[in-house]
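Trainee: In the working numbering, the protein residues as written are 90 to 400.
Think of the CB as a built atom: it goes at the ideal place given N, C-alpha and C, for glycine as much as any other residue.
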């Protein structure tokens, strides 16, 4: 058969989207390892990207597909919903990670090593995300674990996964559970690099815990947290497995309308495998690829800028 078919090119695009964070990590490693050869220049990377987009535009007839995509309201609904999902998840990652890191960094906490191991279990479980997401689905079914516990105290549990707001909250909660250990580990490492003398000097000046947190801790955490935030934003934007295993994009919002938890990758999956809209999804994939490519380059720039804080 033909090598450059619509199906193969769309599949290639989504593979490239998934591999973008790995490419970013490799570029970062090349930049800082002086024993490696000089990394490929940004000009070559951009030139390759432009040539790739032109090739895809020719194979998939993207100008016509872009026009069709822009006329469909689904594109904007799903994209805005995914951006909202990222905007909700990222602050929660930081708040939960910071809170636990501050607790684990306390010298008064006994068994800190054991607690640290326990706290990173969700991160390890993310390697089998589909299986763990099915557990989350079981928890939030109408007759699931959560509603059974509510029933014990005389509360009638809601239909979590059949309510658009609650279902969205469930996939946010699941993602926070998977990701908070990453932020906790990053922040804990940054906390341990802050000289104790700074806090001692602040106490002599009469600073309370809030002053120390806002004027010493948070500013010094910024170089570590900012790259983690950019990287987590990229991976959260691409979220598929967790959402698909828990809700499959449901509950329905009406015939021909994306489901309440249908994020960009879930929407693309449904369009490709349920409606065979390869051309339109090719156009959609190009938009996502360009967006995530720019975000990855920004992540590399941010990491280079902030790395000097720990050298």
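Would the region 337–355 count as touching the region 240–253 if we require 3 or more Cβ pairs under 8 Å?
Mentor: Touching, per the Cβ criterion.
Trainee: Does the region 190–198 come close enough to the region 274–284 to have 3 or more Cβ pairs within less than 8 Å?
Mentor: As far as the Cβ criterion goes, the region 190–198 touches the region 274–284, which means the pair count is three or higher.
Trainee: Helix or strand or just coil, what does DSSP make of residue 263?
Mentor: Residue 263: helix per DSSP, three-state reduction.
Trainee: Check each candidate in 328, 345, 287 and 285 and name the one with the smallest Cα separation from residue 353.
Mentor: Among 328, 345, 287 and 285, the Cα nearest to that of residue 353 is on 328.
Trainee: Starting from the Cα of residue 319, find the closest Cα among 376, 344 and 271 and give me that residue.
Mentor: Looking at the Cα atoms, 271 is the closest of the given residues.
Trainee: Does the beta-carbon of residue 241 have 16 or more other beta-carbons within 10 angstroms, so that it is buried, or is it exposed?
Mentor: Result: exposed.
Trainee: Does the distance from the C-beta atom of residue 347 to that of residue 175 stay below 9 Å?
Mentor: No; because the gap between Cβ atoms is not below 9 Å, this pair is not in contact.
Trainee: To the nearest whole angstrom, what separates the beta carbons of residue 282 and residue 179, a pair I think is in contact under 8 Å?
Mentor: The pair is not a contact, with the Cβ atoms about 23 Å apart (cut-off 8 Å).
Trainee: If you draw a straight line from the C-alpha of residue 206 to the C-alpha of residue 181, how long is it?
Mentor: Roughly 21 Å between the two C-alpha positions.
Trainee: Flag this pair as yes or no: are the beta carbons of residue 226 and residue 336 separated by less than 9 Å?
Mentor: Yes, these two residues count as a Cβ contact at 9 Å.
Trainee: In three-state terms, what does DSSP make of residue 125?
Mentor: With a pLDDT of 43 at residue 125, under the threshold of 50, the modelled position of that residue is not reliable, and no figure is offered here.
Trainee: Grab me the residues of residue 404's own chain with a C-beta within less than 6 Å of its C-beta, minus the 5 sequence neighbours each way, in chain order.
Mentor: Nothing about residue 404 can be read from this structure; the chain reaches only from 90 to 400.
Trainee: What residue range does the alpha helix (DSSP H) around residue 293 cover?
Mentor: Counting along the chain, the alpha helix (DSSP H) containing residue 293 begins and ends at 285–293.
Trainee: Going by other Cβ atoms of all chains shown within 10 Å of its Cβ, with 16 needed for buried, is residue 239 buried or exposed?
Mentor: With fewer than 16 other Cβ atoms within 10 Å, it is exposed.
Trainee: Would residue 273 be called buried (16 or more neighbouring beta carbons within 10 Å of its own) or exposed?
Mentor: Result: buried.
Trainee: Does DSSP put residue 364 in a helix, a strand or coil?
Mentor: Note: residue 364 maps to helix in three-state DSSP.
Trainee: Can you name the start and end residues of the alpha helix (DSSP H) that residue 312 belongs to?
Mentor: Start and end: 307–326.
Trainee: Rounding to the nearest angstrom, what Cα-Cα distance links residue 211 and residue 254 in this structure?
Mentor: Computed Cα separation, rounded: 24 Å.
Trainee: Buried or exposed, going by whether 16 or more other CB atoms sit within 10 Å of the CB of residue 202?
Mentor: Per the 10 Å Cβ criterion, exposed.
Trainee: Exposed or buried, what is residue 236 when buried is set at 16 or more other beta-carbons lying within 10 Å of its beta-carbon?
Mentor: Buried, since its Cβ has 16 or more Cβ neighbours within 10 Å.
Trainee: Considering Cα atoms alone, identify which of 185, 384, 356 and 196 is closest to residue 266.
Mentor: Residue 185 is the option with its Cα nearest to residue 266.
Trainee: So is residue 277 in contact with chain B if we call contact Cβ pairs under 9 Å?
Mentor: No chain B is present in this structure, which holds just one protein chain.
Trainee: Just to confirm, is the Cβ distance from residue 223 to residue 334 under 9 Å?
Mentor: Cβ atoms of residue 223 and residue 334: closer than 9 Å.
Trainee: Among residues of its own chain, excluding the 5 on either side of residue 325, which ones have a beta-carbon nearer than 8 Å to its beta-carbon?
Mentor: Excluding positions up to five away in sequence, the list reads 174, 175, 178, 179, 264 and 268.
Trainee: Report all residues from its chain with a CB closer than 7 Å to the CB of residue 219; omit the five preceding and five following residues, and keep chain order.
Mentor: So the qualifying residues of the chain are 330 and 334.
Trainee: Nearest-angstrom Cα distance between residue 291 and residue 259?
Mentor: Looking at the two C-alpha atoms, the distance is approximately 41 Å.
Trainee: Can you round the beta-carbon distance between residue 288 and residue 301 to whole angstroms, since I take them to be within the 8 Å contact cut?
Mentor: About 6 Å separates the two Cβ atoms, so the contact holds.
Trainee: Going by C-alpha to C-alpha distance, which of 204, 299 and 345 sits closest to residue 364?
Mentor: That would be 345, whose Cα lies nearest to the Cα of residue 364.
Trainee: Under a Cβ-count criterion, where at least 16 other Cβ atoms within 10 Å of its own Cβ denotes burial, should residue 286 be classed as buried or exposed?
Mentor: Residue 286 is exposed by the Cβ-count criterion.
Trainee: DSSP on residue 222, reduced to helix/strand/coil?
Mentor: The answer is helix: DSSP assigns residue 222 an H, G or I state.
Trainee: Are the beta-carbon atoms of residue 355 and residue 379 separated by less than 9 Å?
Mentor: Not closer than 9 Å, so no.
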